[in-house]
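Colleague: Just passing along the structure, written as structure tokens.
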Amino acid sequence: MKVPYSKEPVDIRLMLLVSIKRMRFVVYGICIGAILFGGIYYLVKNVLSGETLFSSTSSVYLEYTDKMELEDIYINKHTWETLVYNDYIMTYAQDAAKRIIPPAEAEEKVSATLLTDARIVVITAQSTDLNEAKDLADAFAKAVAKFAPELKEVDSARILKSASAPEIVGFEDRTLNMVIAGAIVGGVISFIIVILYFVWDTSIYVPSVTEIRYGIPALGITTDKMRLYNRDSDESYLGHMAMKSNKKTEFYSKWLEVNYLKVTSGYKKIAVVGTSLLDNTDYVVNHLNCIIKEQRENEIFKIDCCEIMKEDAYFSSPEYELIAQGSVNMEPQVAVNAAKCDAVIVLIKAGDHNGKLVERALDLLRIQGANVVGAILYDVNSSLIKRYIFSPFCSSTKKLKEDIYKTISSESDITKGE
3 MKVPYSKEPV DIRLMLLVSI KRMRFVVYGI CIGAILFGGI YYLVKNVLSG
53 ETLFSSTSSV YLEYTDKMEL EDIYINKHTW ETLVYNDYIM TYAQDAAKRI
103 IPPAEAEEKV SATLLTDARI VVITAQSTDL NEAKDLADAF AKAVAKFAPE
153 LKEVDSARIL KSASAPEIVG FEDRTLNMVI AGAIVGGVIS FIIVILYFVW
203 DTSIYVPSVT EIRYGIPALG ITTDKMRLYN RDSDESYLGH MAMKSNKKTE
253 FYSKWLEVNY LKVTSGYKKI AVVGTSLLDN TDYVVNHLNC IIKEQRENEI
303 FKIDCCEIMK EDAYFSSPEY ELIAQGSVNM EPQVAVNAAK CDAVIVLIKA
353 GDHNGKLVER ALDLLRIQGA NVVGAILYDV NSSLIKRYIF SPFCSSTKKL
403 KEDIYKTISS ESDITKGE
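Numbering of the sequence shown is given in our numbering, commencing with residue 3 and proceeding in unit increments.
Set out below in structure tokens:
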């Protein structure tokens, strides 16, 4: 029974197998996300942020006289914030820096504060030149240490911490964090896209989907490797025999043979039509012709041995004919000619995003009243179908394989008995 796309059941195993083959796109997404997030962040923070401002700090420890209690000291944080620019400290700082420091420059680049314990004065210098920031912090620390004992409350002062290595003001380098975040976002988005791509994909990857989606049985498959057998051989029959001698393709060949003979039994004029716009399906037709050739030779042998009468011949009958007329979508007249045959077999390319083309071809055939008896899925991905059909966890596919070979063996035994 035909099932619309919207109600088509999800084949979890097929989805995982197809998605795993596309995992490289998730890797691409991770790399692109990491580059975009990390690159943009680095560009904004390091290249486009304008002039970089550097900061350096130093500190001076104040030792108060024995007569002074900390709670009685009137020199507080606000006092030092303004005191650092007085004439004495500016003079001492210029001597330490060995250059003239204009008051405007000092107010712009240097600041001071007093920590809560009232003993430590912290000097901060900022400049676009990292060396200048360090030199100013060091010079003003020396100036404060020299000036502080001149205050009656301070007994002595010493530099507690020399000017630190300059750091970028207001900048915390999180490039690595952004790279990791970008990789995660890129990976998640690309993974979701891979899953959605499978959901929206109208391609057919395994034969069972043709019956679910289009309401016609799948006679079997031919793989991409089976196409190569036919291409490498000058005669299609040699290619056919090579397929049957190869364990990887023997089962698919037998599968197609058994179903084709069963579905087309009784029909003598059979049309094979394609649904693609570009693909060459000659190798599939050649494969069917080889199956018929084997049946015809076997039948002629029986006639010669008087096992059956000539007038009862089926495959060797002059009326038996396999007609390959091309693609319905390339030439709509093919549908008209196919309808004149007893049965029609449709060829569908696997994994080709061709759902709408297949629908169109089947609609044209049905309008003409063609008797569509089945479909053959060709160019199926060898590794995908191998993992899908021959899964060790799938008992139904094991039974399918056993049934195919059992049928072939039964037919062989009947032939020998006759």
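Glycine included, every Cβ here is placed at the ideal spot set by N, Cα and C.
Kindly give me the distance between the Cβ atoms of I347 and I272, rounded to whole angstroms, as I take these residues to be in contact under 8 Å.
Modeller: Here residue 347 refers to the residue found at position 345 of the sequence shown. Here residue 272 refers to the residue found at position 270 of the sequence shown. Yes, I347 and I272 are in contact; Cβ-Cβ is about 7 Å, under 8 Å.
Colleague: Can you tell me the Cα-Cα spacing of S235 and N291, whole angstroms?
Modeller: Within the sequence shown, residue 235 is the residue found at index 233, counting from 1. Within the sequence shown, residue 291 is the residue found at index 289, counting from 1. The pLDDT assigned to S235 is 48, lower than 50, so where the model puts this residue is not dependable; a value taken from the coordinates is nonetheless given after this. Going by the C-alpha atoms only, they are around 15 Å apart.
Colleague: Mind checking which residues open and close the beta strand (DSSP E) that includes E323?
Modeller: As a working note, residue 323 is residue 321 in the sequence shown. Segment 323-329, the beta strand (DSSP E) holding E323.
Colleague: Could you tell me which uninterrupted beta strand (DSSP E) segments, each at least 3 residues in length, are contained entirely in the region 174-227, listed from first to last along the chain?
Modeller: Fully enclosed beta strand (DSSP E) runs of 3 or longer: 220-225.
Colleague: In this structure, how does DSSP classify A340 when only helix, strand and coil are distinguished?
Modeller: As a position in the sequence shown, residue 340 is number 338, starting the count at 1. Helix, per DSSP.
Colleague: Need the endpoints of the alpha helix (DSSP H) that G371 sits in, please.
Modeller: The residue given as residue 371 occupies position 369 in the sequence shown. Here G371 belongs to no alpha helix (DSSP H), and DSSP marks it neither H nor E.
Colleague: Relative to the alpha-carbon of V447, which residue among L386, D354, Y390, V338 has its alpha-carbon at the smallest distance?
Modeller: Examination of residue 447 is not possible in this model, given that the chain is present from 3 through 420 alone.
Colleague: Should F142 go down as buried or exposed, given a rule of 16 or more other Cβ atoms within 10 Å for buried?
Modeller: Translated into the one-based positions of the sequence shown, residue 142 becomes position 140. The residue is buried, with at least 16 neighbouring Cβ atoms inside 10 Å.
Colleague: Can you check whether the CB of P219 is closer than 7 Å to the CB of L379?
Modeller: Position 377 of the sequence shown, counted from the first residue, corresponds to residue 379. Position 217 of the sequence shown, counted from the first residue, corresponds to residue 219. Contact: no.
Colleague: Cα separation between E301 and F193?
Modeller: As a first step, residue 301 must be located in the sequence shown, where it is residue number 299. As a first step, residue 193 must be located in the sequence shown, where it is residue number 191. If I take the Cα positions, the gap works out to 55 Å.
Colleague: Please report the Cβ distance between A108 and W82, rounded to the nearest whole angstrom; I am assuming they are in contact, meaning their Cβ atoms lie under 8 Å.
Modeller: Along the sequence shown, read from residue 1 onward, the residue named residue 108 stands at position 106. Along the sequence shown, read from residue 1 onward, the residue named residue 82 stands at position 80. That pair is no contact at about 14 Å.
Colleague: Assuming V20 contacts Y207 under a Cβ cut-off of 8 Å, what Cβ separation, rounded to an integer in Å, is found between them?
Modeller: The residue labelled residue 20 in the question sits at position 18 within the sequence shown. The residue labelled residue 207 in the question sits at position 205 within the sequence shown. About 6 Å; that satisfies the 8 Å criterion.
Colleague: Tell me K256's beta-bridge partners as DSSP assigns them.
Modeller: For the purposes of this step, residue 256 is taken as residue 254 along the sequence shown, with counting starting at 1. In the DSSP output, where bridge partners are listed per residue, K256 has none listed.
Colleague: Between the Cα of N261 and those of D226, V286, H289, L221, spot the shortest distance and give me the residue it belongs to.
Modeller: As a working note, residue 261 is residue 259 in the sequence shown. If we check each option's Cα against that of N261, L221 comes out closest.
Colleague: Examine the Cβ distances between the region 56-66 and the region 126-144 and report whether three or more of them are shorter than 8 Å.
Modeller: Because the criterion of three Cβ pairs below 8 Å is met, the region 56-66 and the region 126-144 touch.
Colleague: Taking buried to mean at least 16 other C-beta atoms within 10 Å of its own C-beta, is M92 buried or exposed?
Modeller: Here residue 92 corresponds to residue number 90 of the sequence shown, with the count starting at 1. Result: buried.
Colleague: Enumerate in chain order the residues of its own chain whose CB-to-CB distance from I305 is below 6 Å, with the five nearest sequence positions on each side excluded.
Modeller: Translated into positions along the sequence shown, residue 305 becomes position 303. Around I305: K312.
Colleague: Between the C-alpha atoms of S129 and P105, what's the straight-line distance to the nearest angstrom?
Modeller: Within the sequence shown, residue 129 is the residue found at index 127, counting from 1. Within the sequence shown, residue 105 is the residue found at index 103, counting from 1. Their Cα atoms are separated by approximately 15 Å.
Colleague: Sort out for me which residues DSSP pairs R160 with in a bridge.
Modeller: Translated into the one-based positions of the sequence shown, residue 160 becomes position 158. According to DSSP, which records beta bridges pairwise, R160 is partnered with Y63.
Colleague: If you follow the beta strand (DSSP E) that S113 is in, where does it begin and where does it stop?
Modeller: Within the sequence shown, numbered from 1, the residue matching residue 113 stands at position 111. Segment 112-116, the beta strand (DSSP E) holding S113.
Colleague: How would you label A377, buried or exposed, when you count the other beta carbons within 10 angstroms and need 16 or more for buried?
Modeller: If you number the sequence shown from 1, residue 377 lands on position 375. Per the 10 Å Cβ criterion, buried.
Colleague: Skipping 5 residues on each side, what residues in its chain have a beta carbon closer than 7 Å to that of V360?
Modeller: Translated into the one-based positions of the sequence shown, residue 360 becomes position 358. For V360, where only same-chain residues beyond five positions count, the Cβ hits under 7 Å are Y216, T277, I350.
Colleague: Could you pull out every residue in the same chain whose Cβ sits closer than 7 Å to the Cβ of G31, ignoring the five residues on either side in sequence?
Modeller: To locate residue 31, count along the sequence shown from 1; it is residue 29. Cβ neighbours of G31 beyond the five flanking positions: G188, G189, I191, S192.
Colleague: Which one of H80, N179, D131 has the shortest CA to CA distance from V124?
Modeller: Counted from its first residue, the sequence shown places residue 124 at position 122. With distances taken between Cα atoms, V124 lies closest to H80.
Colleague: By Cβ distance, which residues of its chain are closer than 7 Å to V171, with the 5 residues on each side in sequence left out?
Modeller: In the sequence shown, residue 171 corresponds to position 169, counting from 1. Same-chain partners within the cutoff: L55, F56, S57, Q128.
Colleague: In angstroms, rounded to a whole number, what distance separates the CA positions of H355 and C343?
Modeller: Walking along the sequence shown from the start, residue 355 turns up at place 353. Walking along the sequence shown from the start, residue 343 turns up at place 341. Cα to Cα, H355 sits roughly 29 Å from C343.
Colleague: Given a threshold of 16 other Cβ atoms within 10 Å of its Cβ, counted over all protein chains shown, does F303 qualify as buried or as exposed?
Modeller: Your numbering for residue 303 matches position 301 in the sequence shown. When all chains shown are included, F303 counts as exposed.
Colleague: Using CA coordinates, which residue listed in S158, K154, A145 is at the minimum distance from A165?
Modeller: As a working mapping, residue 165 is identified with position 163 in the sequence shown. Closest by alpha carbon: A145.
Colleague: Can you tell me the Cα-Cα spacing of S329 and A372, whole angstroms?
Modeller: Walking along the sequence shown from the start, residue 329 turns up at place 327. Walking along the sequence shown from the start, residue 372 turns up at place 370. So the two alpha carbons sit approximately 14 Å from each other.
Colleague: Measuring CA to CA, which of R121, F27, G41, L324 is closest to P151?
Modeller: Position 149 of the sequence shown, counted from the first residue, corresponds to residue 151. Minimum Cα distance to P151 is reached at R121.
Colleague: For F149, does the three-state DSSP call read helix, strand or coil?
Modeller: Position 147 of the sequence shown, counting from 1, holds the residue named residue 149. Here F149 sits in helix by DSSP.
Colleague: Select from V201, N88, A99, N133 the residue whose C-alpha is nearest the C-alpha of I14.
Modeller: For the purposes of this step, residue 14 is identified with residue 12 of the sequence shown, where counting begins at 1. Selected option, being the one with the closest Cα: V201.
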